[in-house]
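Q: Protein chains in written order, with this note's numbering: chain U, 386 to 721; chain B, 626 to 1073; chain F, 396 to 689.
Using N, Cα and C, we set each Cβ at its ideal position, and we do this for glycine too.
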Amino acid sequence: MTVSGVAGARPGALAVAPERRAAKRKAQWRRRRMVLLMMSPWIVGFTVFFGYPLIANAYLSFTHYDLLSSPRWIGTRNYDFMFSGDKQIWPAVKNTLWFIAIAVPLQVIFAFGVAQIVARARSGVGFFRTVFYLPTLAPPVAATLAFVFLFNPATGPVNTILSKIGIEGPLWFQSPSWSKPSLTLLALWGVGNAMIIFLAAILDVPKHLHESAELDGAGWFNRMRYVTLPSISPVILFSVVIGVIQGLQYFDQAYVASTVAAPGAAGNAADSSINLGYPEGSTLMYPVLLYQQGFRYFNMGYAAAMSIMLLLVSLVVTLLIVRNSNRWVHAAGGVK
Amino acid sequence: MRRSALAIAALLPALAVGACGGGGSGGNSSSKAPPKYDGKPVTITLWHGFTSREAGILNGVVKDFERTHPTIKVKTVGGVTDDKIVAALRGGNPPDVAQSFSTDNTGAFCGSGGWIDLKPYMDRDKVAVAQFPKAVQTYTTFDGKRCALPMMADVYGLYYNKDMFKKAGIASPPKTFSELTADAKKLTVKNGDGSIKVAGFDPTFGFYESVHAHYAPLFNAQWQDTSGKSTLATDPWMKLLRWQKDLVDWYGYGKLTKFNAGAGEEFSASNAFEKGKLAMNMDGEFRTAFIADEAPHLNYGVAPMPVDDSQPELYGGGYVTGNIIGIPKTAKNKAAAWELMKYLATDPHALATLTNGLKNVPTTATGLKSPEIKADGNFQPFLDIFENEHTQTNPPTAIGSANQELFQNFLAKWQAGKVPDSQLASGLKGVDQQIDAQIQNATAGQAP
Amino acid sequence: MATAVPVSRPLVRREVPREIRRRRFLVAVAEHSVLIGLAIAFLAPFVFIVLTSVMTDHQSLSTNLWPQPAKFSNYSQVFKDAPLLTYAGNTFLYATLATVGMLISSVPVAYALACMRWRGRNVVFGLVLVSMMLPPQVTVVPQYVMWSKLHLIGTIWPLVLPNWFGDAFSIFLLRQFFLTIPRDYADAARVDGLGEFRIMASVMTRLARPALVAVALFSFLYAWNDFFGPLLYTGENQGHWTLSVGLAQFRHLHSVQWNLTMAATLLFMAPVIALFFAAQKKFVEGVNLTGVKG
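Quick look at the structure:
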């Protein structure tokens, strides 16, 4: 394969032979074909698993579809139901928003705080890093089951230990006001991932920045505020965006916790979905309601409408954060 | 390349969602008799919800069927929930016969054609509908279409611990709800720290079998009127809810929740009633089999559930539901499947075996009178409840169990004290509207 | 700190005053105590899971914290009660197939996005990002319909196949990493006459091995822990359940005791934790790659 001709040759300026031009075009074509070949899996995947579902979803949202017979066109009835008939959707939205507004920032702050302390420790960094990362390896289902059991208000170790020091523990997963905080605790247990990222970033902050700040008389708090935080702000933004996205999709833990924490089951073969959102709908997150409507109430069309809404919200939220990131994030390289 | 990709994408929805036979909206309205089983050897699959001991009993009955039908082999799969049945109906890999513990999805199965209409088969083989009691007929049809046969029924009554009764000086089980409350208070034992050690009667909605639907017949509370509109905002329901709240408040909702969290699993050997943590419990007739197996020394008795003080004539009845069996539309061996269905639903020997083994109630008139049934002291009351004229079930809807779940959501708030009594009527009306809206959304666009 | 004195006098380190030394020591102690406290809090759930897994059923419902006696037979009981080996086999199959497919399909895409110049490159990258941010619930309904028309519900194929067409997160990560590899390597190879494909296959993959290992580990971990997908697509067919579905259904199927459930939970976590300890360095490297270069 011949290498392209004279670099930067302007067409017509020099006597570029037509064979050279043809050869160049051929090389370009070959390169485009190569790109196409390499991208082909993704192109197919994107179209089939992303593009098509989006379009089909939009179509389905205007139908009633129970998946046992063909979809039935009903116009905007699903959206009417969503905004006036369905009393469950607004609480579900609020639950998801609660999670994003409270659990996500707590996770970021907690991960950062722990990383700060680990960074300053001189011995055993490897050990602590392992310990804090281990819970993230636990599958969400297993972790949730474990937590529901451990926080059982009557027989679980947490309340048992609390009672030994004289505190009457709350009802945790069985209480509507404590169920989301319990899920938050579960999320905090799993910040190992974010913590390691923060740790690496904190250790990456150039020492001279800290030293000059120290010289200027800054205490540890001001140093953190004016040196560390700005320097690692891209990482903070990254964590927040990931956290929000995960919050919008939060399903596994809420599903498992509500079905497992509920007492007994009506009927023999525990149709566990009757307890989605237990207790009192406090854990009914938007994705859980979507699952319930679509896969339990034979209401796929409505579930499709719900997912369109979720898509719009995700796009808006992500855009908002990214658009405003310029305000909060310092360009790479930190303070010069 | 990009252009053709978009073209394909535009075509896909039409292909997948519309055209290729995406579920017929009733292709078997033909009154022609369906083909009879031709006797050729075949293997059919039966999905059911039983596990462990109970599954063993069903398998025994299936073996009996294979003996009388030597060319049909039956493969059984247990532990199946409705979710799985629905998924199989969609996914195209359904069993030949499906059994469900719950009648909640009869509406969906029948209405959508997921389970086939059985009338042609019943007419052809002269299987009479009249052999099933009225309530049983109710939960196997929807909108006039019968797509299910009953396979054993469950009725609910009051279990009580005789030893505890004797100790508390109570002579006989309560017949009205006020008597129930009084007895419950006498039988409750508290720990030193105020938590509940033994509960006289646990009124929490959602605990074990303490479910709104099971209480309804005791107050003659109706789920819907003749036009299908939800009727929860009516006196009988409100009386039930007020009784329940009174008792919940007496225990303390927080203490009850804690008690429930520490109560053993309903279907394990640590069942709270079997372990003596509950003095009285509303449960189904199947519990007698579990007790015989797991707690044989428990000294207990059975009686019909107490009823509304102002409607004493209701006493003796209760809530009935049952297992249903049906044939999925896309089942591969419908003729042979129907033979198994007939056997499980109507064969007297099969019914008697299931009755004695599962301690469920047989669903045919002849089945009830079969001499093979061993009805001991604690089982006979259930047979009586089954035949009582005041025994009712909850009607199937087009939205599966959504109406029950939406009601349960409200009840969760009610029993926690989040709904003041003055707002009970309006709250119930809100639930009615929600249910009606959900049904409307489900039936939208359908030709009336 | 000490000013340089151009004289033969030796540098005298200023003696750090005792108060400051003591304060620093106390702060260090405080920080270490906090760390140790946190470590205990983080490890405590594991400890309790282990303890409960060897309790008797009655004990797991009581407030006793310590099992007596320790019933190790719970573990064999779990294997008897549920076909854990089947579930594990299914999970392993899913995770392996998905990871292999991801590698094969995502590496070329990342390479094309990072190392080759073509029109629309940034638009495509933007699309990759968008598809990453999309909640799976948005596409699940039509995807489910599609798979049911293909009669693949009840198998693991709906879970495996999409990975053979590129995984957005892996593409993102690999592209970021490829960007950091100096162009000289690729250019030198081009001068030597190697085709793009060869360059990608031999040069880049060798240089990018840490990134490849990292995405492979993440992909495996994600598939191993995946719950929603397997619940949806294998839920109706117990023979194809993965460990996560089996565990969630464990309680329901056998009205089961918490002690057995905790034992099953541990067994579910064990392979992944073992994998972590074996590949610890790569794991941490990989995690750093996601965040710092992001």
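Roughly how far, in whole angstroms, is the beta-carbon of residue 496 of chain U from the beta-carbon of residue 576 of chain U, given that I think they are within contact range, below 8 Å?
A: About 4 Å; that satisfies the 8 Å criterion.
Q: Within the region 506-581 of chain U, note down every full alpha helix (DSSP H) run reaching 4 residues or more, in order along the chain.
A: Whole alpha helix (DSSP H) segments, 4+ residues: 510-522, 525-535, 542-549 and 564-574.
Q: Hey, how far is the Cα of residue 558 of chain U from the Cα of residue 531 of chain U?
A: Going by the C-alpha atoms only, they are around 12 Å apart.
Q: Please tell me whether residue 464 of chain U has its Cβ less than 8 Å away from any Cβ of chain F.
A: Answer no: the Cβ-Cβ gap between residue 464 of chain U and chain F never drops below 8 Å.
Q: Should residue 592 of chain U be labelled buried (16 or more other beta-carbon atoms within 10 Å of its own) or exposed?
A: Exposed, by the Cβ-count rule.
Q: When the Cα atoms are used, what is the spatial distance from residue 563 of chain F to residue 509 of chain F?
A: So the alpha carbons of these two residues sit roughly 14 Å apart.
Q: Pull up the CB-CB distance for residue 445 of chain U and residue 533 of chain F, whole angstroms please, since I reckon it's below 8 Å.
A: Their Cβ separation, rounded to whole angstroms, is 12 Å, which puts residue 445 of chain U and residue 533 of chain F out of contact at 8 Å.
Q: Please report whether the beta-carbon of residue 591 of chain F lies at a distance below 8 Å from any beta-carbon of chain U.
A: Output row for residue 591 of chain F: interface = yes.
Q: Given a threshold of 16 other Cβ atoms within 10 Å of its Cβ, counted over all protein chains shown, does residue 996 of chain B qualify as buried or as exposed?
A: Label assigned to residue 996 of chain B: exposed.
Q: Under 8 Å, Cβ to Cβ, is there at least one residue of chain F near residue 715 of chain B?
A: Yes, residue 715 of chain B counts as interfacial toward chain F.
Q: Can you give the Cα-Cα distance for residue 440 of chain U and residue 432 of chain U, rounded to whole angstroms?
A: Roughly 10 Å between the two C-alpha positions.
Q: Short of 6 Å in beta carbon distance, which residues of its chain neighbour residue 566 of chain F, apart from the five on each side in sequence? Order them along the chain.
A: Contacts found: 501, 504, 505 and 523.
Q: Less than 8 Å between the C-beta atoms of residue 602 of chain B and residue 896 of chain B, yes or no?
A: Only positions 626 to 1073 of chain B appear in this structure, which leaves residue 602 of chain B out of reach.
Q: Can you tell me where the alpha helix (DSSP H) with residue 422 of chain U in it begins and where it stops?
A: Note, residue 422 of chain U: alpha helix (DSSP H), 403-431.
Q: Does residue 639 of chain U come out as helix, strand or coil in the three-state DSSP assignment?
A: Residue state, collapsed to three classes: helix.
Q: Using a Cβ-Cβ cut-off of 8 Å, state whether residue 424 of chain F counts as contacting chain U.
A: Not an interface residue.
Q: Quick one: any contact between the region 622-631 of chain F and the region 710-719 of chain B, if contact means 3 or more CB pairs under 8 Å?
A: Yes, since at least three Cβ pairs between the region 622-631 of chain F and the region 710-719 of chain B fall closer than 8 Å, the two stretches touch.
Q: Going by DSSP in three states, residue 675 of chain F sits in which element: helix, strand or coil?
A: In this structure, residue 675 of chain F counts as helix in the three-state DSSP scheme.
Q: If we cut at 8 Å on Cβ distances, does residue 543 of chain F have a partner in chain B?
A: Output row for residue 543 of chain F: interface = yes.
Q: Mapping DSSP to helix, strand and coil, what is residue 672 of chain U?
A: Note: residue 672 of chain U maps to helix in three-state DSSP.
Q: Would you mind sorting residue 688 of chain B into buried or exposed? The rule is 16 or more other CB atoms within 10 Å of its CB.
A: It is exposed - the Cβ of residue 688 of chain B has fewer than 16 other Cβ atoms within 10 Å.
Q: Using beta carbons (cut-off 8 Å, strictly below), is residue 670 of chain U in contact with chain F?
A: It does not: the Cβ of residue 670 of chain U has no partner Cβ on chain F nearer than 8 Å.
Q: At 9 Å on the CB atoms, spell out the chain U contacts of residue 669 of chain B, in chain order.
A: Within chain U, no residue comes near residue 669 of chain B; the closest Cβ sits about 21 Å away, beyond 9 Å.
Q: Reducing DSSP to helix, strand and coil, say where residue 694 of chain U ends up.
A: Three-state DSSP puts residue 694 of chain U in a helix.
Q: With a cut-off of 8 Å, do at least 3 Cβ pairs link the region 755-772 of chain B to the region 722-737 of chain B?
A: With the cut-off at 8 Å, the region 755-772 of chain B and the region 722-737 of chain B touch.
Q: Kindly list the residues whose CB is nearer than 8 Å to the CB of residue 464 of chain U, restricted to its own chain and excluding five residues on each side of it in sequence; keep chain order.
A: Counting only Cβ-Cβ distances below 8 Å, and skipping sequence neighbours, we find 446 and 690.
Q: Do three or more CB pairs link the region 682-697 of chain B to the region 984-995 of chain B at distances below 8 Å?
A: Counting Cβ pairs under 8 Å, fewer than three are found: no touch.
Q: With residue 420 of chain U and residue 511 of chain F assumed to form a contact (beta carbons below 8 Å), what rounded beta-carbon distance in angstroms separates them?
A: Residue 420 of chain U to residue 511 of chain F, Cβ: 6 Å. Contact.
Q: What beta strand (DSSP E) runs, 3 residues minimum, are completely inside the region 651-723 of chain B?
A: Whole beta strand (DSSP E) segments, 3+ residues: 667-672 and 697-702.
Q: For the beta strand (DSSP E) holding residue 441 of chain F, just list the boundary residues, first then last.
A: Looking at the DSSP string, residue 441 of chain F is not in any beta strand (DSSP E); the run it does join, the alpha helix (DSSP H), is 413-448.
Q: Tell me which residues share the same chain as residue 624 of chain U and place their Cβ nearer than 6 Å to its Cβ, disregarding the 5 neighbours each side in the sequence.
A: The residues are 493 and 579.
Q: If we define contact as Cβ-Cβ less than 8 Å, is residue 521 of chain F a contact residue for chain B?
A: Chain B, which has no Cβ nearer than 8 Å to the Cβ of residue 521 of chain F, makes this no.
Q: Can you give the Cα-Cα distance for residue 545 of chain F and residue 514 of chain U, rounded to whole angstroms?
A: Spanning the two alpha carbons is a distance of roughly 46 Å.
Q: Quick check: the Cα distance between residue 922 of chain B and residue 820 of chain B, rounded to an integer number of angstroms?
A: Answer to the nearest angstrom: the Cα atoms are 27 Å apart.
Q: Are the C-beta atoms of residue 902 of chain B and some chain F residue less than 8 Å apart?
A: So, not an interface residue.
Q: Check whether the Cβ atoms of residue 918 of chain B and residue 784 of chain B sit closer than 8 Å, and answer yes or no.
A: Not a contact, by the Cβ cut-off of 8 Å.
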